[in-house]
Structure formats: structure tokens, C-alpha cells
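Sequential numbering from 122 applies to the sequence shown in the working numbering.
What follows is one structure encoded as C-alpha cells, with my remarks underneath.
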Amino acid sequence: MDLLLNTIIPFIGQAAAGEGSGMGMQLLIFAALFGGMWFLLIAPQRKKQKKHAQMLSQLTTGDCVITNGGIYGVITNVKEDRFVVKIADNTKIEVNKAFLQNKVEEKK
């Protein structure tokens, strides 16, 4: 963070002292801020979404999963946009694929 501030502050001072270079300097600062936001926020989120989509595509019948609500269960049926999850004896629920948090590895 200090490196970013130490890099930008001299440019801001020069832009204030010089006349006519304000627009170019503002564009440079906005581009730097956008690039920083991209690498700190957007890129990691996209990577996480791709990993989650890959995990969902690999789930099959018999896999143990946990939902976003914290419910553990075993997949009994795979449908186009949802899973049928057995959460207890004689209790099955249909869960939208987007609301499965993770596959749970059973301890042996």
C-alpha cells in the first residue's frame, strides 16, 4: 500500500504544479486504480467462481455435500439444475446447484 502511495503522490503534486497536464494525469490515476481493483477484487472472485463451477460439474450420485445453509447430505439424484440430497432417513430435499457450498470428504 505504501508503495502505491509513494508512486502516486509525486504525480499528483506534479499535476497540481503544472498546467495543462491534468486530464492525462487523471486518466493515468484512474487506470492505476482500476488495475488495482481488478487484481485485488475481480480476478480472485472469478477464479473462485470457476473453481466452484468445476466442483459442481464433477458431483455425482453418492457424493457427500454441504449446502450454503450448513445442511450435510448425500446426493441421491442429479437433475439439470438441482440435486436431490438425502439429509436423513426418509428425508430428501431438492437443492439448486448454486446453493451447494462444497463436497465433503468422508473420513475413513
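Glycine included, C-beta positions come from ideal geometry on N, C-alpha and C.
Note that this is a predicted model, so its numbers are computed, not measured.
> Based on the DSSP output, what are the partners of V225 in its beta bridges?
Replying inline: Within the sequence shown, the letter at position 104 stands for residue 225. Answer is none; V225 lacks a bridge partner.
> Tell me, which residues are paired with G194 by DSSP?
Replying inline: Locating residue 194 in the sequence shown gives position 73, counting from the first residue. G194 is bridged to V186.
> DSSP state of K213, grouped into three classes?
Replying inline: What you label residue 213 is simply residue 92 of the sequence shown in a count that begins at 1. Looking at K213 - three-state DSSP - the assignment turns out to be strand.
> In three-state terms, what does DSSP make of K207?
Replying inline: Counting from one through the sequence shown, the residue named residue 207 turns up at place 86. Strand, per DSSP.
>> I want to know whether the segment 204–221 touches the segment 173–185 - three or more CB-CB distances under 8 Å.
In response: yes
> Is V205 closer than 7 Å to K213 when the C-beta atoms are compared?
Replying inline: Mapped onto the sequence shown, residue 213 falls at position 92. Mapped onto the sequence shown, residue 205 falls at position 84. Going by C-beta atoms, K213 is nearer than 7 Å to V205.
>> Going by DSSP, what residue range makes up the alpha helix (DSSP H) through I150?
In response: Here residue 150 corresponds to residue number 29 of the sequence shown, with the count starting at 1. 143–158 is the span of the alpha helix (DSSP H), which, as asked, contains I150.
>> One question on the structure: do K207 and G191 come within less than 7 Å of each other, judged by their Cβ atoms?
In response: Counted from its first residue, the sequence shown places residue 207 at position 86. Counted from its first residue, the sequence shown places residue 191 at position 70. Not closer than 7 Å, so no.
> According to the neighbour-count rule (16 or more other Cβ atoms, all chains shown, within 10 Å of its Cβ), is V186 buried or exposed?
Replying inline: On the sequence shown, position 65 is the one that residue 186 refers to. When all chains shown are included, V186 counts as buried.
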